[in-house]
Amino acid sequence: MSIRRAAFLSFLSFSTLATWADEFPKPFNTEKGEPMPAEEVARTMELPKGFKCVVFAAEPDVQQPIAMSWDKKGRLWVAENYTYAENPMRWDTKLRDRIIILEDKDGDGKHDGRKVFWEGGSYLTSVETGYGGVWVLHNGTLSFIADKNGDDVPDGEPEVLLDGFNVKTIGHNIVNGLRWGPDGWLYGRHGITDTSSVGAPGTPADKRIKMNCAIWRYHPTLKILETVAHGGTNSWGHDWNANGELFMINTVIGHLWHVIPGAYYRRMFGTHLNPHVYEIIEQTADHFHWDTGAEKWSDIRKGGASPKTSELGGGHAHVGMLIYQGGVWPKEYQGAMLTCNLHGNRINMDRLELEGCGYVGKHAPDFMQAKDKWFRGIDLLTCPDGNVIVSDWSDSGECHDNDGVHRTSGRIYKIVYGESKKIEPKAYASLETIPSDELLKNNWWTRMHRRLRFEGTDPIRKTEDDSRAEALFRMALSAKDKDKHVIQAFNLVWNKHPSTPENVRPEDENIAWYLNRFTELAKDSTNGLVRLHIASALQRLPLESRWPIATALAKHEEDANDRQQPLMIWYGIEPAVAADPLKGVELIKEAKLPTVRRLVARRIAEMIEAKPEAVDALVALMTKQKDVRDDVLAGLAAGLDGFSSAKKPKGWDEFISKSGGLPAAGADKGTATSPLLALSAVFGSGRAADELIAIVKNTEGDANARLNAFKSLTRTAKPELLAVIRAQINDKVLGTVARNALAAYDDPNIPKAMLNPWPGRSEEQQAATVATLTSRPSYAKALLEAIKAKKVPATAISPFQARQIRSLGDESLNTLLTEAWGEIRDTPEAKKAEFTKWEGLLTKDTLAKADPSKGRMIFTSACSACHKLYGQGGAIGPELTGSDRHNLKYLLENILDPSAVVPADFRVSVLNLKDGRTITGVIPEQTERTLTVQTPAERIIIERTQIVKQAQLPMSLMPEGLLSALGDENVKNLIAYLMSNGQVEMPK
1 MSIRRAAFLS FLSFSTLATW ADEFPKPFNT EKGEPMPAEE VARTMELPKG FKCVVFAAEP
61 DVQQPIAMSW DKKGRLWVAE NYTYAENPMR WDTKLRDRII ILEDKDGDGK HDGRKVFWEG
121 GSYLTSVETG YGGVWVLHNG TLSFIADKNG DDVPDGEPEV LLDGFNVKTI GHNIVNGLRW
181 GPDGWLYGRH GITDTSSVGA PGTPADKRIK MNCAIWRYHP TLKILETVAH GGTNSWGHDW
241 NANGELFMIN TVIGHLWHVI PGAYYRRMFG THLNPHVYEI IEQTADHFHW DTGAEKWSDI
301 RKGGASPKTS ELGGGHAHVG MLIYQGGVWP KEYQGAMLTC NLHGNRINMD RLELEGCGYV
361 GKHAPDFMQA KDKWFRGIDL LTCPDGNVIV SDWSDSGECH DNDGVHRTSG RIYKIVYGES
421 KKIEPKAYAS LETIPSDELL KNNWWTRMHR RLRFEGTDPI RKTEDDSRAE ALFRMALSAK
481 DKDKHVIQAF NLVWNKHPST PENVRPEDEN IAWYLNRFTE LAKDSTNGLV RLHIASALQR
541 LPLESRWPIA TALAKHEEDA NDRQQPLMIW YGIEPAVAAD PLKGVELIKE AKLPTVRRLV
601 ARRIAEMIEA KPEAVDALVA LMTKQKDVRD DVLAGLAAGL DGFSSAKKPK GWDEFISKSG
661 GLPAAGADKG TATSPLLALS AVFGSGRAAD ELIAIVKNTE GDANARLNAF KSLTRTAKPE
721 LLAVIRAQIN DKVLGTVARN ALAAYDDPNI PKAMLNPWPG RSEEQQAATV ATLTSRPSYA
781 KALLEAIKAK KVPATAISPF QARQIRSLGD ESLNTLLTEA WGEIRDTPEA KKAEFTKWEG
841 LLTKDTLAKA DPSKGRMIFT SACSACHKLY GQGGAIGPEL TGSDRHNLKY LLENILDPSA
901 VVPADFRVSV LNLKDGRTIT GVIPEQTERT LTVQTPAERI IIERTQIVKQ AQLPMSLMPE
961 GLLSALGDEN VKNLIAYLMS NGQVEMPK
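In terms of this note's numbering, the sequence shown opens at residue 1 and continues consecutively.
Rendered as structure tokens:
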């Protein structure tokens with residue numbers, strides 16, 4: 001986390017607390033019109049025979065209900081989001097969000113009690129109860145609001161457990177969806193429009209989990225964050241079936257997806273953060289809810305749903321998801337998937353059926369249709385009585401909200417079959433002793449009972465839990481309905497553990513037992529879903545332990561055309577192939593699944609420069625074993641697609657000869673022989689630039705091939721490539737690398753192209769833009785003028801980049817920098833005044849009361865990327881452990897004036913290159929041919945022949961203004977840690 005980010009979070013925390021005492025801002029509407037009255041909506045709702053809709057709550061008692069959850073007393077907690085705004089604002093933080101509690105005291109299906117629990121939220125999207133408090137997603141954090149005595153009054157300010165969830169550029173794709181899973185973890189969702197870098201407060205950047213379009217989970221006592229699966233568009237709903245299988249709802253590219261741990265699904269745009277995914281899993285449903293053949297997904301915004309789209313389900317956007325297991329609706333609804341269709345003003349229904357190694361979602365008649373065109377279903381929950389509630393955002397727009405937001409409406413409806421069963425309040429008090437038949441009948445009680453069990457025990461207690469887990473697996477393996485019980489054991493027992501391979505030790509007796517059982521099941525199981533779980537489990541195992549299991553799974557020819565199984569095997573074995581590609585060749589030899597053979601070969605091909613012997617082995621295998629030839633050849637071609645040239649593998653000419661020679665130059669590219677031509681070109685004279693440009697321009701082409709081709713083209717700056725590069729700056733795959741590559745060109749049109757518009761929805765593209773535009777005087781001028789005109793935020797430029805601009809040696813630029821960005825305080829008088837201020841504040845008594853543990857957290861986020869202390873940290877700056885840290889004057893002098901005394905190895909160098917760029921950074925490595933330059937943002941290798949001038953400045957890479965950015969309390973804790981006598985624990 002950057003210093004600026006740390007200071008910003010501290011400010012957010014303070015400002016949130018400061019507003020608690022203020023009057024709650026009055027919500028206002030920017031959308032014209034009013035919804036149909038709630039009672040009329042309920043009365044006119046179209047439902048199957050025997051069902052009715054009643055109003056559980058409506059405005060003014062509930063407004064903007066973005067999320068709901070139940071507590072153990074059977075009360076409904078509702079997150080009300082008022083800060084969501086129409087485009088282009090997207091979020092209005094002058095308003096605040098809140099959490100209310102609704103209670104049905106007399107059990108008649110309508111609320112008769114309401115409390116406001118908390119109203120200090122911003123960007124609030126989720127609420128969940130448990131562990132003596134309330135869990136919320138707000139302000140880019142997962143936070144916990146304690147209420148240990150259960151008096152419905154927060155015990156204090158929210159405790160931030162995770163931060164770094166993007167709220168600045170991500171819009172309605174914001175993190176959302178807290179739900180307790182059957183494994184005791186807290187699950188959530190993240191959208192596609194930008195990437196978040198998430199971790200506990202103080203976690204350094206390289207230890208954070210990058211997240212883009214994913215399902216994730218967090219353990220409430222171990223405080224571990226994991227990404228469960230990747231892909232989709234912008235999921236706003238997920239649920240588990242009776243066996244613990246997770247499903248999520250999605251929009252545009254398919255609405256229903258079986259969430260397999262470790263899976264990678266289709267994305268609406270862009271590429272997965274893992275570049276070696278290659279191929280993705282398609283949606284679980286066998287149908288769409290809109291006319292994909294005749295319409296674009298966005299057409300519905302112009303005139304609403306067409307007759308055909310209405311017939312198919314109402315539209316592409318889905319919100320909320322429930323797999324019904326309440327036990328009181330007719331049998332045909334048990335296990336059915338329900339989701340709210342945003343444009344269709346209805347609830348769609350799918351039936352989940354086993355197919356191959358997973359599931360398929362079959363279209364069923366829509367369950368509910370509203371007459372109210374403002375009905376915008378958001379969330380669905382099973383009630384304690386087995387019926388269902390659905391929240392209604394009540395707005396005429398959609399998630400993009402270009403027409404305004406109606407903040408003073410909102411409803412929660414209850415969908416009841418027959419007569420609603422009244423449940424007396426005293427029933428909740430005896431939840432833990434409720435009869436087992438009731439637990440089995442309605443999963444509300446089952447889930448609440450399980451959650452309370454997790455809260456009352458440590459779910460990962462090593463000795464007790466491992467033996468119990470093994471016992472459950474043993475029972476499952478010998479049970480009458482073995483496959484069903486094994487699947488449940490995976491979901492409820494195995495998946496309960498953190499998915500960290502380094503914690504799985506094959507020499508451990510319990511782990512060895514699991515590995516043996518997994519290998520046996522991989523070989524012998526006739527159940528596809530069991531084999532899918534084994535494939536999913538690969539990613540949790542040490543690399544060496546994966547080979548026998550993956551090989552056994554890859555021998556099941558019946559899985560060759562399965563939608564997910566071959567890819568799940570690939571996702572699990574890919575890191576092992578990268579570590580030992582020759583074993584990957586052995587896997588290809590044994591595998592019967594073409595997809596596995598092809599993708600393993602592709603990964604090996606990509607390593608041709610580092611591990612040529614593995615590619616040699618692939619060629620030898622193709623020559624000897626004809627049945628793998630086409631798959632390996634296709635993999636080699638895909639892996640080297642985008643390469644301009646590569647060294648010819650040993651045995652290639654023999655292989656060509658035994659294959660009947662090269663086909664004619666005009667051979668059909670769709671035939672199996674076409675890879676031979678492409679590879680022979682790469683291994684021979686190399687691909688022509690025009691062919692590489694065509695790969696780059698193909699926005700529908702393979703992402704890795706486009707990146708490889710771009711890299712090949714841009715190794716040296718060529719004038720004829722400028723237009724090609726500039727055309728890619730907003731591309732979902734190449735946008736960031738294209739913006740970086742433009743630094744090599746001096747063209748007056750480049751700043752305008754990069755700044756108009758400012759890439760407001762991608763932090764990575766923003767960083768690349770600033771890096772390029774601070775490399776030349778003319779570019780820096782354009783950037784500073786854009787900041788001065790408020791078209792670009794001043795925070796886009798870091799203190800280091802401000803110095804980079806200063807190093808360009810242009811006085812007019814320095815003046816503009818001061819006007820647009822601010823002053824770099826490097827005068828002796830300013831530093832002396834700052835020294836006096838901090839020396840007066842950091843007295844012995846003050847430091848004695850400070851918290852070194854919190855100081856360590858600040859050091860980790862602000863300093864450890866460059867400095868090492870007590871054996872932990874980076875090596876860009878000097879080691880601090882043996883320095884004169886116990887001397888306050890020494891610390892202040894070095895922090896406030898980091899450039900006063902700088903060892904030669906840590907001085908900043910300024911390099912002027914032949915292409916006109918100026919690069920500023922330290923030089924940690926150099927050879928006779930190259931220099932490695934470390935900037936705050938990246939590590940660059942530069943050919944010495946490209947350097948026009950090189951100068952070493954008496955200046956540190958460390959930015960000034962660090963203490964001012966952190967604030968007084970953080971500085972006290974940081975200095976206390978720096979002056980400590982030994983390592984301290986991180987804050988709990």
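No residue lacks a Cβ here, since even glycine has one placed at the ideal position from N, Cα and C. On a predicted model such as this, the values are computed, not experimentally measured, just so you know.
Whole-number beta carbon distance between residue j and residue i, since they are thought to touch under 8 Å
i    : j    : result
W118 : I101 : The pair is not a contact, with the Cβ atoms about 10 Å apart (cut-off 8 Å).
A263 : A229 : 5 Å
G244 : N491 : 3 Å
Beta-carbon proximity check, residue i vs residue j, cutoff 9 Å
i    : j    : result
S122 : G177 : no
I378 : C340 : yes
G584 : I569 : no
A560 : P594 : yes
Q635 : R598 : Per the sequence presented here, residue 635 reads as Gly, with Gln not at that position. A contact, by the Cβ cut-off of 9 Å.
L707 : I725 : no
R563 : G358 : yes
A305 : H343 : yes
N991 : A768 : Here the chain has residues from 1 to 988 only, and residue 991 is not among them.
G313 : W290 : yes
F51  : Y514 : no
I280 : Y265 : yes
L142 : N212 : no
Residue i classed as buried or exposed, judged by whether at least 16 other C-beta atoms fall within 10 angstroms
i    : result
Q926 : exposed
N973 : buried
L124 : buried
Q952 : exposed
I858 : buried
D206 : exposed
L354 : exposed
D731 : buried
D990 : Here the chain has residues from 1 to 988 only, and residue 990 is not among them.
R939 : exposed
H316 : buried
M89  : exposed
N970 : buried
Bridge-paired residues (DSSP) for residue i
i    : result
K362 : R351
F247 : D239, H258
C357 : In DSSP, C357 forms no bridge with anything.
I656 : In DSSP, I656 forms no bridge with anything.
K52  : V416
F144 : W135, E159
When the options are compared against residue i, the one with the closest alpha-carbon
i    : options                : result
R351 : A336, A789, H485       : A336
L380 : E398, L354, Y413, T408 : Y413
A576 : P548, T932, K592       : P548
H258 : D239, T251, T271       : D239
S409 : W393, S420, E928, D481 : W393
W70  : E332, E103, A820       : E103
K223 : P498, L492, S391       : P498
V984 : P878, E943, L869       : L869
A723 : T736, D747, G50        : D747
Q334 : K371, V127, T382, S674 : T382
N345 : V328, G320, G361       : G320
L633 : A610, S645, L816, V600 : V600
I253 : A479, D395, F269       : F269
F683 : S645, D524, F655       : S645
Near the ligand COA: residue i beta-carbon under 8 Å from a heavy atom
i    : result
I947 : This structure simply doesn't include the ligand COA, nor any ligand for that matter.
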